[in-house]
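A.B. asks: Those protein sequences? They're chains G, P and V, same order as listed.
Just so you know, the numbering used here puts 72 at position 72 of the first sequence, and the rest follows in order with no gaps.
Quick note, the numbering used here runs 1000 ahead of the 1-based positions in the second sequence.
Quick note, the numbering used here runs 2000 ahead of the 1-based positions in the third sequence.
Using N, Cα and C, we set each Cβ at its ideal position, and we do this for glycine too.
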Amino acid sequence: MRRALPIFVVLAGLLIAIAVVNPYFLEPPAFLAFVKRAAPLVILAAGQYFVIVSGEFDLSVGSLVTAEVVIAARLIDGSAEATWPVLALLLVLGLLVGLVNGIVTTIFRVPSFITTLGMLLILSGAVFLWTGGAPRGALSPEFRELGRGSLGPVPWSVLILVAVVAAAVYAMRAGFGHTLIAAGDNDRAAALSGVRLARVRTAAFMISGLSAAVAAILLGGFAGVSAQAGNGLEFQAITAVVLGGVVLGGGRGSVVAAMAGAFTLEALFTLLNLYGISGALEPAVQGVIIIAAVALGAVRFPRRRTAAAS
Amino acid sequence: MTGIGKSFLGVRVLDGVDLEAAAGEVHAVVGENGAGKSTLMKILAGVHAPDEGTIEIDGRSVAFGHPIEAQRAGVAIIYQELTLLPERTVAENVFLGREPVRRGLVDRAAMESATGELLSSLGEESFGPRDLVRRLSVAQQQVVEIAKALSLNARIVVMDEPTAALADHEVGLLYTLVRRLTERGIAVLYVSHRLREIFDLAHRITVLKDGARVATAEASSLDVATLIRLMVGRELDSYYPPRAADPPGEVMVSVRGGGNARLRGIDLDLRAGEIVGVAGLQGSGRTELAKALFGAEPFTTGEMTPCRPRSVREGIAAGIGLVTEDRKAEGILPHQRVRDNALLVARAIRRSAGTPAIERLLRRVRLNPPRPAQEIRLLSGGNQQKVVLAKWMTVAPRVLLLDEPTRGVDVGAKAAIHELMRELARDGMAVLMISSELPELIGMSDRIVVMRDGGIAGELPSGSTEESVMRLAAAS
Amino acid sequence: MTQQLKLRRVAAAEGSFLRRLSADQPARAVYLALALLIMLGWLLFTLDGGRFLSQENIVGIQQRSAALGIVAIGQTLVILAGGLDLSVAYLISLTTLVAAEIMAGAGANVPAAIAAVLAVSALVGLVNGLIVTRLQVHAFIATLGTALIIRGVLDARYDGPAGSVPASFRHLGYDRIGPLAVSALLWAAVAVSAWLLLSRTRLGYRIYAVGGNTEVARLSGVRTERVMIAVHVLCSVCAGIAGLLLASRLGAGTPTAGTDGGYDLESIAAVVLGGTALAGGRGGVAGTVGGVLLLAVLDSIFNQMEVNSFAKDVVRGVVLVAALAIYARRRRTA
């Protein structure tokens, strides 16, 4: 918790800064809208956290999100009946991609950076090969309801996010979470204590794949079909996790802090918009702040860094 | 070194320590873990700067801000963990950071011939300057470290636990090397937990306790009992806990004709209530035997009852636990809390263990202070080992295999671990202990199995002499 | 016992040239794969009625791979030192624009433009290096951050191609000397310099040391921070050179020149394809050159077969993962 504290301070500071410019921001409708917008990235960050804390990377989530959205549009093609089977198919596909990433990384011992980079190329290539270069078809209104609609005043995506947060916290408190962190901290010691490394790491990749599927469903509903739906999301998710104080290389950091990192990133985007920083300069400011935040974290806790480097 | 003082985060780890070493002398520095030995040596080597005190070499006062300044002043340090690059050649390692240059380019030929000369001056012919370090044994790598120290024209060589990773017969080679260094007029500062080595090698001994110097004396004027009393501040009346009075109970594990790539024809019974010692040179298959019994590197042939584990999990399910030799690499999760380390095995096999149970266990393994929320890497080696033992006790194994359980552990923790082993055996566990330290093996074991070339060379009853064990282990 | 036997065998072969070569095994593997692929390409071209070894095709392969090749050399240095540079793609875009705008179509401005490009890229590398060493930010995040910063600058200042390159400078991208493209010669020069750096200079030795084990290097008196800064500067300068080359080929500065080529991830892919360990400390330039050529020959075969460009990505992904799986297997059984 000590390690996670700075991110909550930064998040609170950003939220207050937004509220200063826009006093309505902290009222329920506006705040829920913010959470709704943040939900896909927070869910992706939660999934990425599982992979990173076990000592690996998942670079394939961005292209997986794109692939899922494009596949959904093509298969549903506006038809209401097709919605639910396709939703199920998307979740299964996410799990399957994670399974392949996990098996290649753990059984064939390919560094996960490369495994998931390969998966990124394969997914983006394969999907457009199948659709012939541009997304075709359309999502059904039922499908888009999940990303756009709400139950009473509360958006569906916020409800889904709450469920994801609860599931992630539960998983990390359970034996699974502890063995996953053990695998990231010292995999040989973990293996000699009976941890099934291949299994827990593969499970982490599957969770990441599943979270990408969920994020894709929300994003597709929220923003519609686009061939760029998932562009750069893998880097945003990794950035969010690292902002939350989770150490690349594994073994340290909490899932709640990782999700707080994603909220922080989203709050940052909101704030930049509010202050009228043009869309063009946005990435630059984002880059500076990410470096600064991680640097401050490293300076505050020098021990953490020395271990992360080794 | 005079009046050296050093604090970390407000904790005083060294307080007014004096130390001197003469040319050609082996000066041993001993003390329990946390006594400040390593810190003192690191100050001498320029890794840490002292808060107070002075260092003089040949009468000139020196101050080091970086290890390289200490190197230039003639101080070389050989660390506990070897500091070589496995993917580079011997010559590249010896001259790392000081590569000879000719016309702006590294002079590979000069580097290799100089390394070759250093190696032959050390009597080393089994490898050459162009071999990759990754292909060398631990003992050979130590020779590379020493060659590196010599190439620095070191006047003072610090050896921090140099034998921790060496097999018994390799220790003899190290003795020879140390003597060659002293013949050249080099002062050797020798840090070790192994008292026998100290008496074999040292001319003088300095004892540190709680960051202060307790005594410096001629080695010939001390005996083991006095030295231990100086280190722990109390007389250890009996070094080893008494053996069980009862005869051993039922057979917990039995192997007949066990073998794999590294082992052959293993016949072994482990009984409830007994501590079986395993002796043997490094490479004789001791560690492999433990890993095979446990299922980490399984037997591929032979019978084993109750079952022949094919994986770690099968071993754990069969009630077997293994405390590994290399605690840092294979034993602990450095950044996790004591509690999570202790619960690792139970969680991995989905057996729950409550918090009160953990606290009771930590007290039982004599963890002092028993703080379950502390990160384990902040503990001393001895306390870390106690947590590793607690980790296995959460699942109450029938058989506990201990590979060098007291390596790198201070005298006090060592006694606690010995007591605990005896206690576990008394409670009906079968304990197997591998150790390179013959006095420990003889003091603790109810019988000693001697390994040689991947097989069991013979078995000796309790009370055997070191000579009889060595004869069996080294015969060929 | 087995260990001792192995040692003796090594000692017996001491000094032999073959053993030297085998120390760089992955590089050998990638050239073997390259040879097989060239044979396959020759076969497919012949069946298809084309000539794989035609001068046109060979020069094409060189020209297509030179820019990636140069970036990959820089990336090799960073990866060997245990780092990673994700900012090269945007830096390449930036440097094409710097070059084309300063040249502004006039041959007289070429030297100034080259100097400016090298200065800008060295500065970016210096910033990367300082963030990694002084601010102690993981290279992944640090270079991702500078990539975003450069992207912001590009987005804010440019909507499309800008500046123009004089005809004299376009020789760099299009000329050939016999079967050799000028751009490939530039690549070769960069590769040979990097090889010399790694095998014959102190800095090179220290790059391996820092990547192999930073703490060991530090204790041996290596100023590890300087080494990290140096590799980042060199990597960025390589990206700058690649930017000059792309400007010469495109005729103008283009804000998407680097990202369209995917030079960030692709250069990392080429490096590891060449057998350099992603964790640092093991590998070299020879492997990287092989890795880039492998990708280029693959591309040339695809082009001849008129394979859909999306299918190329799929095959590249599979090749990359399969190659790494084979390396991992060889190392485990070795």
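1) How about Pro185 (chain G): is its C-beta nearer than 7 Å to some C-beta of chain P?
2) Identify which residue in P:Trp1392, P:Ala1035, P:Leu1441, P:Val1026 has its Cα closest to the Cα of Met1231 (chain P).
3) Under 7 Å Cβ-Cβ, which residues of chain P neighbour Val195 (chain G)?
4) Identify whether Ser2022 (chain V) lies in helix, strand or coil by the three-state DSSP scheme.
5) Looking at Ala38 (chain G) and Glu234 (chain G), is the spacing between their C-beta atoms short of 7 Å?
6) Rounding to the nearest angstrom, what Cα-Cα distance links Leu2320 (chain V) and Ala284 (chain G) in this structure?
7) Go to Ser208 (chain G), then tell me how far its alpha helix (DSSP H) extends in each direction, as first and last residue.
8) Out of curiosity, what's the CA-to-CA distance linking Leu1202 (chain P) and Val1047 (chain P)?
9) For Tyr2208 (chain V), which residues in chain P fall below 9 Å Cβ to Cβ?
10) Looking at chain P, is there any beta carbon in it that lies within less than 7 Å of the beta carbon of Arg173 (chain G)?
11) Quick one: is Gly2107 (chain V) buried, meaning 16 or more other Cβ sit within 10 Å of its Cβ, or exposed?
12) Step through the CB atoms of chain P and report whether any lies within less than 7 Å of the CB of Arg109 (chain G).
13) Would you mind telling me which residues of chain V sit closer than 8 Å to Gln1071 (chain P), beta carbon to beta carbon, in chain order?
14) So who's on the other strand from Ser150 (chain G), going by DSSP bridges?
15) Report the neighbours of Glu1099 (chain P) on chain V: residues whose CB is nearer than 7 Å to its CB, in chain order.
16) Does any C-beta atom of chain G lie closer than 7 Å to the C-beta of Thr2151 (chain V)?
17) For Arg2064 (chain V), collect the residues of the same chain with a Cβ closer than 6 Å to its Cβ; drop the 5 residues on either side in sequence, then sort them by chain order.
18) Name the DSSP bridge partner or partners of Val1190 (chain P)?
19) Can you tell me where the alpha helix (DSSP H) holding Lys1414 (chain P) begins and where it ends?
20) Compute the distance between the beta-carbons of Val1094 (chain P) and Ser1151 (chain P), then report whether it is under 7 Å.
21) Quick check: what's the CA-CA separation for Val2233 (chain V) versus Gly1123 (chain P)?
22) Any beta-carbon of chain G closer than 7 Å to the one on Asp2313 (chain V)?
23) Hey, would you say Thr2095 (chain V) sits closer than 7 Å to Ser2121 (chain V), going by beta carbons?
24) Note down, in chain order, every chain P residue with its Cβ under 9 Å from the Cβ of Gly2281 (chain V).
25) Can you tell me where the beta strand (DSSP E) with Thr1266 (chain P) in it begins and where it stops?
26) Whole angstroms are fine: how far does the CA of Arg1155 (chain P) sit from the CA of Thr106 (chain G)?
27) Take Arg2206 (chain V) and list the residues in its own chain whose beta-carbon comes closer than 6 Å to its own, dropping the five residues that flank it on each side.
28) Run through DSSP, which three-state label would Ser1061 (chain P) get?
29) Under DSSP, the alpha helix (DSSP H) around Arg1196 (chain P) begins and ends at which residues?
30) Grab me the residues of Arg1130 (chain P)'s own chain with a C-beta within less than 6 Å of its C-beta, minus the 5 sequence neighbours each way, in chain order.
31) Applying the criterion that 16 or more other CB atoms from any shown protein chain within 10 Å of the CB defines a buried residue, is Arg2134 (chain V) buried or exposed?
32) What residues from the region 1255-1278 of chain P come within 9 Å of chain V, judged by C-beta to C-beta, listed N to C?
33) Should Val1106 (chain P) be flagged as near chain V, meaning a C-beta pair shorter than 7 Å?
34) Does the CB of Val2271 (chain V) have a neighbour CB from chain P at under 7 Å?
35) For a contact defined as C-beta to C-beta under 7 Å, what are the partners of Ala181 (chain G) on chain P?
36) May I ask you to list the residues that DSSP assigns as paired with Gly1458 (chain P)?
C.D. replies: Quick answer:
1) Pro is not the amino acid found at residue 185 (chain G); the sequence shown has Asp there. So yes, Asp185 (chain G) belongs to the interface.
2) The shortest Cα separation from Met1231 (chain P) among P:Trp1392, P:Ala1035, P:Leu1441, P:Val1026 belongs to P:Ala1035.
3) Think of a sphere of 7 Å around the beta carbon of Val195 (chain G): the chain P residues whose beta carbon falls inside it are Ala1348, in chain order.
4) Residue confidence for Ser2022 (chain V) is low, a pLDDT of 40 falling below 50, so the modelled location carries little weight; the figure read from the coordinates is stated next. In the displayed model, Ser2022 (chain V) falls within a helix according to three-state DSSP.
5) Going by C-beta atoms, Glu234 (chain G) is not nearer than 7 Å to Ala38 (chain G).
6) Answer to the nearest angstrom: the Cα atoms are 32 Å apart.
7) Annotation for Ser208 (chain G): the continuous alpha helix (DSSP H) segment containing it runs 197-223.
8) It should be pointed out that residue 1202 (chain P) corresponds to Ala in this sequence rather than to Leu. Taking the straight line joining both Cα atoms gives about 25 Å.
9) Result: Leu1085, Glu1087, Arg1088, Glu1092.
10) Chain P contact via Cβ: absent.
11) Here Gly2107 (chain V) is exposed, its C-beta having fewer than 16 other C-beta atoms within 10 Å.
12) No, Arg109 (chain G) does not count as interfacial toward chain P.
13) For the C-beta of Gln1071 (chain P), the chain V residues within less than 8 Å are, from N- to C-terminus, Gly2221.
14) Note: Ser150 (chain G) sits in a beta bridge opposite G:Pro155.
15) Against chain V, a Cβ distance below 7 Å from Glu1099 (chain P) picks out Arg2202, Tyr2205.
16) Inspection of the sequence shows that residue 2151 (chain V) is occupied by Arg rather than by Thr. Under the Cβ criterion of 7 Å, Arg2151 (chain V) is counted among the residues facing chain G.
17) Result list for Arg2064 (chain V): Ala2296, in chain order.
18) Residue identity differs from the one stated: residue 1190 (chain P) is Tyr in this sequence, not Val. Beta-bridge pairing links Tyr1190 (chain P) to P:Ala1028, P:Met1159.
19) In this chain, the alpha helix (DSSP H) harbouring Lys1414 (chain P) covers 1411-1426.
20) When the beta-carbon positions are compared, Val1094 (chain P) and Ser1151 (chain P) come within less than 7 Å of each other.
21) Answer to the nearest angstrom: the Cα atoms are 44 Å apart.
22) With respect to chain G, the C-beta atom of Asp2313 (chain V) has a partner C-beta closer than 7 Å.
23) In contact: Thr2095 (chain V) and Ser2121 (chain V) (Cβ atoms closer than 7 Å).
24) Residues of chain P passing the Cβ test: Leu1085, Pro1086, Glu1087, Arg1088.
25) Reading off the sequence shown, one finds Ile at residue 1266 (chain P), where the question assumed Thr. Per DSSP, the continuous beta strand (DSSP E) segment holding Ile1266 (chain P) begins and ends at 1266-1271.
26) Their Cα atoms are separated by approximately 49 Å.
27) Taking C-beta separations shorter than 6 Å and ignoring five residues to either side along the sequence, the partners of Arg2206 (chain V) in its chain run Val2222, Val2227, following chain order.
28) In the structure shown, Ser1061 (chain P) adopts extended strand secondary structure according to DSSP, grouped into three states.
29) Bounds of the alpha helix (DSSP H) holding Arg1196 (chain P) are 1195-1201.
30) The residues are Thr1089.
31) Exposed.
32) Residues Ala1261, Arg1262.
33) Yes, Val1106 (chain P) counts as interfacial toward chain V.
34) No, Val2271 (chain V) does not count as interfacial toward chain P.
35) Before going further, note that residue 181 (chain G) is Ile rather than Ala in the sequence given. Within 7 Å of the CB of Ile181 (chain G), the CB atoms of chain P belong to Gln1336, in sequence order along the chain.
36) Under DSSP, the beta-bridge partners assigned to Gly1458 (chain P) are P:Val1450.
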